[in-house]
Amino acid sequence: MLMLDFPDQAGTTAFDHVMLNWNPQGHEPIGLFGKPHFDVHFDMVGMAAMHAIDPNDPNYAAKAEHLPEARYVPQDYAVPLGPPPAAQAVPNMGVHWVDSTDISLVPGTYDFQHIVLNGTWDGRHIFYEPMITREFLMSGPDFEQPLKQPQAYQLTAYYPTTYGIHVDEQAEEYVISLGSMTARTAS
5 MLMLDFPDQA
15 GTTAFDHVML
25 NWNPQGHEPI
35 GLFGKPHFDV
45 HFDMVGMAAM
55 HAIDPNDPNY
65 AAKAEHLPEA
75 RYVPQDYAVP
85 LGPPPAAQAV
95 PNMGVHWVDS
105 TDISLVPGTY
115 DFQHIVLNGT
125 WDGRHIFYEP
135 MITREFLMSG
145 PDFEQPLKQP
155 QAYQLTAYYP
165 TTYGIHVDEQ
175 AEEYVISLGS
185 MTARTAS
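Numbering (the numbering used here), first residue to last: 5 to 191.
1. Give the straight-line distance between the Cα atoms of methionine 142 and alanine 156, rounded to the nearest whole angstrom.
2. Between the C-alpha atoms of leucine 151 and tyrosine 76, what's the straight-line distance to the nearest angstrom?
3. Count the other CB atoms within 10 Å of the CB of methionine 5; is the residue buried (16 or more) or exposed (fewer)?
4. Quick check on the DSSP output: the alpha helix (DSSP H) that includes proline 89 runs from which residue to which?
5. Can you tell which of Gln92, Glu73, Asp12 and His55 has its C-alpha closest to the C-alpha of glutamate 32?
6. With contact counted as at least three CB pairs below 8 Å, one residue from each stretch, are the segment 130-140 and the segment 102-114 in contact?
7. May I have the straight-line CA-CA distance separating serine 4 from aspartate 61, to the nearest angstrom?
8. Classify leucine 182: buried if its beta carbon has 16 or more other beta carbons within 10 angstroms, exposed otherwise.
9. Can you give the Cα-Cα distance for methionine 97 and proline 84, rounded to whole angstroms?
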């Protein structure tokens, strides 16, 4: 896991830092996300707050179960069916939400290439998480798509309205971005 602070110039965005994870064997649920891939957490709370998401916290389950009002989570996102949020919570990350309208998310048949998850903790929407397979990155992608938006925002800041992946041939870099930042007022 690599955690990188955003520069001071990013101070007006909703984001504090980005966390990059390489998963060479994929991760749970393996039937969905078992391919080698990168997780890119754009976190809206500080690193200390992320590290405090700890199963040893006596209030861990209560914080996981304390979901934000639906209006603060991007449209159509929901905690996956199955175990309660406390059982699904990931230490140092939180509770992951998926787009409930994505009917392709069927374990064993899902062709995982890239996806955007969202995350919450203790009543707050705290991250956007693009997940991208190595295979997809190696294909040389060049795309941008809209991000689903919440009805309201918990903090006044600039928030992304798009998600993109492309290869910068000149710099020989892969670029995973949240873009088209738009000012939103807390409500």
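In this text, a Cβ means the ideal position worked out from N, Cα and C, and glycines have one as well. Remember, it's a predicted structure, so these values are computed and weren't measured experimentally.
With the structure as the only source:
1. 37 Å
2. 14 Å
3. exposed
4. 89-92
5. Gln92
6. no
7. With the chain running from 5 to 191 in the structure shown, residue 4 is simply not present.
8. buried
9. 16 Å
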